[in-house]
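> Numbering (this note's numbering), first residue to last: 21 to 596.
All C-beta atoms, glycine included, are put in the ideal place defined by N, C-alpha and C.
Starting off with a structure, shown below.
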């Protein structure tokens, strides 16, 4: 019998290979579920349902709650029906963005919204604190029910949304005609599988235009060195490792908000990895390939075996950088002078709601999808991310574009987000199993190029950044770098989300951050204690970071000669 090797701590473990017909069947299902495994949800739902059936006291509580809500609705005060400001529940309803428009204060829309919110609260109670249910299964069911209940929101439908009705009356239906055109364009993109990038935000013309040269290239990366603009630079160059699931130029967007441009202007010699967008031919590239030919190859090129390097990693790039830095910590020459982690996790036990989609069932399902095509594309990855923020990413789009007939406002970050990437099958499997399922990096079991790495070997100062509303790398999960290392750690919590919080240039309005240092050997603070003790500062965290790097750098020296150029930035891989 043929077997598949199981990624994990036991490299010799095997499991029976799945039949090709099974793989094809699962891949076909995945095309309709956004890459999500229905078996994973089914298992969790059965666990919750069976324990709820066996909990008569919980059933009684839910019955009483439903009865109380019904009575409250029947005895709704006249002030609330009239939509007056002195209605005690009006303020709470208005805090929900779905019902913030003035039209929701009027009858009958205010009653609809209020009834919906009570229904939402009832289902939340029904899927919480059911004794005996596996906590993870309970969270999955609670999350799934929220998605289902969201579809019933009166804000999502034409006849029950006062803002849509008012706009339709004012424009005599022209908004519906525009909405139909928007829907048709989206349908065409989904049918053809091709989506044109915004011509107003072309890479190399508007985005990613900080002057630089490609100075190294292999089958996985191009390494860009940006031209210094100051007469002197710090002797330690800065190497940035972005995540391979994104195009690197999010850190070099427009000139006004380019992190690269800002760093170069602060007197740093900056290098950036640009990852190749994999195809079917790259299906067997694994995590070791991404270390050897990615982060490690770039680090060796920049350091030349003698120069200390400031290294920074964004998202999964930070996870990869952490493992790489722990790997080279056993060398006679340790090239990493400092390490910066931007919205990057090294412990995945509390990876937020995204972790609800990562289970043995889900990973096996994705393996079957990837086996048929050699990679996981952006649309298949997008299913989970859309569900995490369904109100923002799905329903708001339905309302705004299809009912209101409005086009989403253009900006550089949206253009970058549409420039999707893929992930090789083997690498994605190893990453999901080794990091998410088994948390091997945090447990000291992750192997890099044949050797086990341990985060306690990191002896360089660390600057770690979390963002307040991150759905991908929750800041409390990012904060765990404090617990897993015994070195100086400066932790920053900035306003914004996973992308906008990082791309937070000086001068950006309404930005703030908190910062607190933990010297080597100092007692560990819990995340809540850190939050209570950290200084709140207005402005961009970039400025604090630049000062932190400068304090850990040598005196400025004349800019070194540029390595041989293989072509101008942004290179060629970014267009793949």
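Over the uninterrupted beta strand (DSSP E) stretch that includes residue 293, give me the two end residues.
Locating residue 293 in the chain shown gives position 273, where the first residue counts as 1. Its beta strand (DSSP E) spans residues 290-295.
> Is it right to say residue 330 is buried, meaning 16 or more other beta carbons lie within 10 angstroms of its own, or is it exposed?
Counting from one through the chain shown, the residue named residue 330 turns up at place 310. Buried, by the Cβ-count rule.
> So, for residue 459: in the same chain, excluding its five sequence neighbours on each side, which residues have a beta-carbon less than 8 Å away from its beta-carbon?
The residue given as residue 459 occupies position 439 in the chain shown. Hits under 8 Å: 367, 368, 369.
> Does the region 299-316 come close enough to the region 332-341 to have 3 or more Cβ pairs within less than 8 Å?
yes
> Taking 8 Å as the limit between beta carbons, can you name the residues of its chain near residue 348, skipping five residues before and five after?
Here residue 348 refers to the residue found at position 328 of the chain shown. Same-chain partners within the cutoff: 316, 319, 354, 355, 356.
> Can you tell me which residues form a DSSP beta bridge with residue 538?
Locating residue 538 in the chain shown gives position 518, counting from the first residue. DSSP, once it has assigned bridges, lists 509 as partnering residue 538.
> Residue 310 to residue 548, Cα distance in whole Å?
Locating residue 310 in the chain shown gives position 290, counting from the first residue. Locating residue 548 in the chain shown gives position 528, counting from the first residue. The alpha-carbon atoms of residue 310 and residue 548 are separated by roughly 35 Å.
> For the alpha helix (DSSP H) that residue 157 lies in, which residues bound it at each end?
The sequence position of residue 157 within the chain shown is 137, counting from 1. That run of the alpha helix (DSSP H) goes 155-170.
> Between 143, 340, 480, which lies nearest to residue 462 when the distance is taken from Cα to Cα?
For the purposes of this step, residue 462 is taken as residue 442 along the chain shown, with counting starting at 1. Closest option to residue 462, Cα to Cα, is 340.
> Assign residue 578 to one of two classes, buried (16 or more other C-beta atoms within 10 Å of its C-beta) or exposed (fewer than that).
Reading the chain shown from its first residue, position 558 is the one you call residue 578. Around the beta carbon of residue 578, fewer than 16 other beta carbons lie within 10 angstroms, which makes this residue exposed.
> May I ask you to report which of helix, strand or coil DSSP gives residue 348?
The residue given as residue 348 occupies position 328 in the chain shown. In this structure, residue 348 counts as helix in the three-state DSSP scheme.
> What residue ranges within the region 295-376 form continuous alpha helix (DSSP H) runs of no fewer than 4 residues, ordered along the chain?
DSSP assignment within the region 295-376 yields the following whole alpha helix (DSSP H) runs of 4 residues or more, N-terminal first: 307-310, 316-323, 336-348.
> Using C-beta distances below 8 Å, list every residue in its chain close to residue 559, excluding the 5 sequence neighbours before and after it, in chain order.
Taking the first residue of the chain shown as position 1, residue 559 is located at position 539. Result list for residue 559: 526, 531, 532, 533, in chain order.
> So residue 78 and residue 169 are supposed to be a Cβ contact under 8 Å. How far apart are they, rounded?
Here residue 78 refers to the residue found at position 58 when the chain shown is read from its first residue. Here residue 169 refers to the residue found at position 149 when the chain shown is read from its first residue. Contact annotation, residue 78 with residue 169: C-beta distance approximately 19 Å; criterion of less than 8 Å not satisfied.
> Closer than 7 Å by C-beta to residue 596: which residues in its own chain qualify, once you throw out the five before and the five after it? Chain order, please.
By one-based count along the chain shown, residue 596 stands at place 576. Here the set comprises 296, 297.
> With which residues is residue 593 paired in a DSSP beta bridge?
Working through the chain shown from its first residue, we reach residue 593 at position 573. Answer is none; residue 593 lacks a bridge partner.
> Starting from residue 484 and walking both ways along the alpha helix (DSSP H), at which residues does that stretch end?
Position 464 of the chain shown holds residue 484. It is not in any alpha helix (DSSP H) - residue 484 instead sits in the beta strand (DSSP E) that spans 482-487.
> Between 584, 504, 364, which lies nearest to residue 605 when the distance is taken from Cα to Cα?
Outside the modelled stretch of the chain, which goes from 21 to 596, sits residue 605, for which no answer is possible.
> Check the DSSP bridge columns for residue 95 and list the partner residues they point to.
As a first step, residue 95 must be located in the chain shown, where it is residue number 75. According to DSSP, residue 95 bridges with nothing at all.
> Which residues does DSSP pair with residue 261 in a beta bridge?
Taking the chain shown and counting its residues from 1, the one referred to as residue 261 is at position 241. 333, per the DSSP bridge assignment.
> Rounded to the nearest angstrom, what separates residue 62 and residue 158 at their Cα positions?
For the purposes of this step, residue 62 is identified with residue 42 of the chain shown, where counting begins at 1. For the purposes of this step, residue 158 is identified with residue 138 of the chain shown, where counting begins at 1. The straight-line gap separating the alpha-carbon atoms of residue 62 and residue 158 is approximately 12 Å.
> Is the beta carbon of residue 478 sitting closer than 7 Å to the one on residue 345?
Stepping through the chain shown from its first residue, residue 478 is reached at position 458. Stepping through the chain shown from its first residue, residue 345 is reached at position 325. For residue 478 and residue 345, yes; Cβs fall inside 7 Å.
> Using DSSP's beta-bridge definition, name the partner residues of residue 555.
Here residue 555 corresponds to residue number 535 of the chain shown, with the count starting at 1. DSSP, once it has assigned bridges, lists 535 as partnering residue 555.
> Classify residue 442: buried if its beta carbon has 16 or more other beta carbons within 10 angstroms, exposed otherwise.
The residue you call residue 442 lines up with position 422 of the chain shown. With 16 or more other Cβ atoms within 10 Å, it is buried.
> Taking C-alpha atoms, which residue in 258, 220, 264 lies nearest to residue 240?
For the purposes of this step, residue 240 is taken as residue 220 along the chain shown, with counting starting at 1. Nearest option by C-alpha distance: 264.
> Excluding five sequence neighbours on each side, which residues of the same chain lie with their C-beta closer than 7 Å to the C-beta of residue 64?
Locating residue 64 in the chain shown gives position 44, where the first residue counts as 1. Only 157, 160, 161 meet the Cβ criterion.
> Per DSSP, what are the beta-bridge partners of residue 237 in this structure?
Taking the first residue of the chain shown as 1, we reach residue 237 at position 217. Partner(s): 242.
> Take the Cβ of residue 84 as the centre, count every other Cβ of all protein chains shown within 10 Å, and call the residue buried at 16 or more, exposed below.
Taking the first residue of the chain shown as 1, we reach residue 84 at position 64. Per the 10 Å Cβ criterion, exposed.
> Can you give the Cα-Cα distance for residue 179 and residue 185, rounded to whole angstroms?
For the purposes of this step, residue 179 is identified with residue 159 of the chain shown, where counting begins at 1. For the purposes of this step, residue 185 is identified with residue 165 of the chain shown, where counting begins at 1. Going from the Cα of residue 179 to the Cα of residue 185 covers about 7 Å.
> Given a threshold of 16 other Cβ atoms within 10 Å of its Cβ, counted over all protein chains shown, does residue 220 qualify as buried or as exposed?
In the chain shown, residue 220 corresponds to position 200, counting from 1. That one is exposed.
> Less than 7 Å between the beta carbons of residue 421 and residue 195, yes or no?
Along the chain shown, one-based indexing puts residue 421 at 401. Along the chain shown, one-based indexing puts residue 195 at 175. The answer is no: Cβ separation not under 7 Å.
> Going along the chain, which residues of its own chain have a beta-carbon closer than 7 Å to the beta-carbon of residue 282, five neighbours each way excluded?
For the purposes of this step, residue 282 is taken as residue 262 along the chain shown, with counting starting at 1. Here the set comprises 525, 562.
> Taking the C-alpha atoms as reference points, what is the distance between residue 438 and residue 585?
For this step, residue 438 is matched to residue 418 along the chain shown. For this step, residue 585 is matched to residue 565 along the chain shown. Residue 438 and residue 585 have their C-alpha atoms roughly 29 Å apart.
> Just list the residues that DSSP pairs residue 467 with in beta bridges.
Walking along the chain shown from the start, residue 467 turns up at place 447. According to DSSP, residue 467 bridges with 472.
> May I ask whether a heavy atom of the ligand GTP can be found less than 6 Å away from the beta carbon of residue 421?
By its list of ligands, the structure shown contains no ligand whatsoever, and the ligand GTP lies outside what it can speak to.
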